[in-house]
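Q: Sequence order for the protein chains is A and B. All residue numbers for the first sequence refer to the working numbering, where the first residue is 21 and numbers rise by one. All residue numbers for the second sequence refer to the working numbering, where the first residue is 21 and numbers rise by one. Beta carbons: idealized from backbone N, C-alpha and C, even for Gly.
There are 2 protein chains.
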Amino acid sequence: MDRLDRRILDLLQHDGSLTAADIAERVGLSKAPCWRRIQRLQETGVIQRTVALIDPKAVNVGTTVFVTVKTSNHSAAWFEQFVRTVRDIPEVTEIHRVSGEVDYLLRIVVPNIDAYDVVYKRLIAGCAFLDVSASFSLETIKQTTAIPLNYAAFDD
Amino acid sequence: MDRLDRRILDLLQHDGSLTAADIAERVGLSKAPCWRRIQRLQETGVIQRTVALIDPKAVNVGTTVFVTVKTSNHSAAWFEQFVRTVRDIPEVTEIHRVSGEVDYLLRIVVPNIDAYDVVYKRLIAGCAFLDVSASFSLETIKQTTAIPLNYAAFDD
DNA sequence: GAGATTGCGCAACATTGTTGCGTCCGGCGG
DNA sequence: CCGCCGGACGCAACAATGTTGCGCAATCTC
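#1: Apart from the five residues just before and just after residue 126(B), which ones in its own chain have a Cβ nearer than 6 Å to its Cβ?
#2: Looking at residue 150(B): is its Cβ nearer than 8 Å to the Cβ of residue 91(B)?
#3: Have a look at residue 159(B) and residue 77(B) and give me their C-alpha separation to the nearest angstrom.
#4: What is the residue span of the alpha helix (DSSP H) that residue 144(A) lies within?
#5: Any contact of the segment 48 to 58 of chain A with the segment 133 to 144 of chain B, i.e. 3+ C-beta pairs under 8 Å?
#6: Using CA coordinates, which residue listed in 96(B), 35(B), 27(B) and 108(B) is at the minimum distance from residue 166(A)?
#7: What separation, rounded to the nearest whole angstrom, lies between the Cα atoms of residue 25(B) and residue 57(B)?
#8: Identify, in the order they occur along the chain, each residue of the same chain with its Cβ nearer than 8 Å to the Cβ of residue 98(B), setting aside the five sequence neighbours on each side.
#9: By a C-beta neighbour count over all protein chains shown, 10 Å radius and 16 as the cutoff for buried, is residue 175(B) buried or exposed?
#10: Nearest CA to the CA of residue 121(B): which residue from 171(A), 155(A) and 42(A)?
#11: For residue 174(B), would you say it is in contact with chain A, using Cβ-to-Cβ distances shorter than 8 Å as the test?
#12: I need the boundaries of the beta strand (DSSP E) containing residue 115(B), first residue and last residue.
#13: How is residue 84(B) classed by DSSP in three states: helix, strand or coil?
#14: For a cutoff of 8 Å on Cβ pairs, would you count residue 170(A) as touching chain B?
#15: Using the C-alpha atoms, what's the distance from residue 70(B) back to residue 168(B)?
#16: For residue 42(A), report the span of its beta strand (DSSP E) as first-last.
#17: Counting only Cβ pairs nearer than 9 Å, list the residues of chain B close to residue 110(A).
#18: Tell me, please, which residues DSSP counts as bridged to residue 163(B).
#19: Under 8 Å between C-beta atoms, does residue 116(B) make it to chain A?
#20: Give the DSSP bridge partners of residue 156(B), in chain order.
#21: For residue 157(A), count neighbouring Cβ atoms within 10 angstroms of its own Cβ and tell me buried if that reaches 16, exposed if not.
#22: Do residue 131(B) and residue 83(B) have their CB atoms nearer than 8 Å?
#23: Quick one: does residue 146(B) have its CB under 8 Å from some CB of chain A?
#24: Figure out for me which residue from 54(B), 62(B) and 74(B) has the closest Cα to the Cα of residue 62(A).
#25: Using DSSP's beta-bridge definition, name the partner residues of residue 128(A).
#26: Please compile the residues from chain B whose C-beta is within a distance smaller than 9 Å of the C-beta of residue 113(A).
#27: List the residues of chain A whose Cβ lies closer than 7 Å to the Cβ of residue 48(B), in chain order.
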């Protein structure tokens, strides 16, 4: 993993439809070795996958909700039940166990508040919580999947 | 936008490297009209773009922090200054104005806690806050960019 | 300093993207 | 009831891109 790989990653995480020839030209390589680097980055899992990003509002799923959760039952059994409950709900796009006041933070994407309530009821039906608190996104000011690659520390 | 478009979108948001022929076969279409549908979805902005997803840990940027922010200055000028401050920080991957106890929620991606502190200092240098509270992700249980497309209400 | 290793570039071939055209189905007006 | 018209599909050809093998140069190792 050198500077070239980093530049390739940065190009691809902003535009995954770039051709190997495009990238080769921009990083100053010919297309075959560039393609092989991309291939290696995929096979080693540095590039997990490439996906299409859909405009949520264009498909009427434009409401994002952040839900914080507290549990009173800090057991492995509760955790497993919790994961089983939330992992397969497609509206739940992120689940983090976090430090601080709350125990878990969920990111939920739904068409509207009514649809959130359906998800909420499905949550509390599958699992016991000490507290569940929803915070609706009124305006998404920025949103990107790009990871900052300015940290030069990882030149192997 | 019909059922076929929805299936195409769902395939592409899980694997953007699928060829038009692959998708055509899975949705029961021949490749030309399928390609034209994909093209139309891109041109109308339903598909915003396709990107490569990078394993954060593979590039040593594996720490996610959720930062909630309160302001005492609810003015348009403050908002503009806030957006200017945070929008161009690459470590800040999401900015939401939210309902509830706090005013804004930021999602920040950094290599470690020290790097978060650098971002924090950059934040408070550019903008005045009533409160800033960080919550570190200790474990990412689920993470996806896929939007739930099970809502059949949008058959135009 | 010689051999081994790694990565690059060139060139050929396979696969996929892209376009034009003819056909079929469904809706609309005569 | 019939014929016209618009939209979407399928087929086939062509252009662009992905993919692979091979030879060469630079670097590292011993």
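A: According to the structure shown:
#1: Taking C-beta separations shorter than 6 Å and ignoring five residues to either side along the sequence, the partners of residue 126(B) in its chain run 87, 112 and 115, following chain order.
#2: Yes.
#3: When rounded, the distance between both Cα atoms is 12 Å.
#4: 133 to 146 is the extent of the alpha helix (DSSP H) around residue 144(A).
#5: Touching, no, given that fewer than three Cβ pairs across the two stretches are closer than 8 Å.
#6: Out of 96(B), 35(B), 27(B) and 108(B), 108(B) has the C-alpha closest to the C-alpha of residue 166(A).
#7: In a straight line, the C-alpha of residue 25(B) is about 7 Å away from that of residue 57(B).
#8: Around residue 98(B): 91, 147 and 148.
#9: The predicted model places residue 175(B) with a pLDDT of 42, which falls under 50 and marks its position as unreliable; any figure quoted below should be read in that light. Its Cβ having fewer than 16 others within 10 Å, residue 175(B) is exposed.
#10: The option with the nearest alpha carbon to residue 121(B) is 155(A).
#11: Caution applies to residue 174(B), whose pLDDT of 45 falls short of 50 and renders its modelled position unreliable; the value that the coordinates give is listed next. At least one chain A Cβ lies under 8 Å of residue 174(B).
#12: Start and end: 112 to 118.
#13: Strand.
#14: So yes, residue 170(A) belongs to the interface.
#15: Cα to Cα, residue 168(B) sits roughly 17 Å from residue 70(B).
#16: It is not in any beta strand (DSSP E) - residue 42(A) instead sits in the alpha helix (DSSP H) that spans 40 to 47.
#17: Those are 164, 166, 167, 168, 169 and 170, listed as they occur along chain B.
#18: Partner(s): 114(A).
#19: Interface residue (Cβ-Cβ distance to chain A less than 8 Å): residue 116(B) is classified as such.
#20: Within the DSSP secondary-structure output, residue 156(B) pairs in a beta bridge with 85(B).
#21: It is buried - the Cβ of residue 157(A) has at least 16 other Cβ atoms within 10 Å.
#22: In contact: residue 131(B) and residue 83(B) (Cβ atoms closer than 8 Å).
#23: Closer than 8 Å: no.
#24: For residue 62(A), the closest C-alpha among the options 54(B), 62(B) and 74(B) is that of 74(B).
#25: In DSSP, residue 128(A) forms a bridge with 85(A) and 112(A).
#26: The contacting residues are 162, 163, 164, 165, 166, 167 and 168.
#27: Simply none; closest approach about 20 Å.
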